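Have a look at the structure below before the remarks.
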Amino acid sequence: MNDKSIYHVEDNKVFILVEPDKLGREKANLKLTIQLAREKINALQPALDELDDDSEDYDALQEQINDYEMLISDCEDRFEDLINIPR
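The sequence shown begins at 1 in my numbering and counts up by one.
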């Protein structure tokens, strides 16, 4: 590989090199996604609390909240990965 390659190989792993501002944008996007997902959960929770636990509407709304919680978890994991990138 030449010096201008965007790839870095170390310990049988290949890393793609990116500019620091690209990492900053990705971290900002992840923070925004997490914030919006939390706001959506907070908006859905009162409606969930009013529904009967055995209803189909309750199950559908709970599934939607679970999807937002998984999105938050995935974004938090990715954000942590970006924070711990060696410099």
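Here a beta-carbon is modelled for each residue, glycine too, at the ideal position from N, C-alpha and C. The structure displayed is predicted, hence computed values, not measured ones.
- Under a 10 Å Cβ-count criterion, I16 is classified as exposed, with fewer than 16 other Cβ atoms of the shown protein chains found around its own Cβ.
- The stretch 79-86 makes no contact with the stretch 43-50, as fewer than three CB pairs between them are under 8 Å.
- Between Y7 and I41, the CB-CB gap reaches or exceeds 8 Å.
- Taking C-alpha positions only, Y58 is separated from D77 by approximately 28 Å.
- For the 8 Å CB-CB criterion, L61 and T33 do not form a contact.
- According to the DSSP secondary-structure assignment, Y7 is paired through a beta bridge with I16.
- Assigned with DSSP and collapsed to three states, S73 falls in helix.
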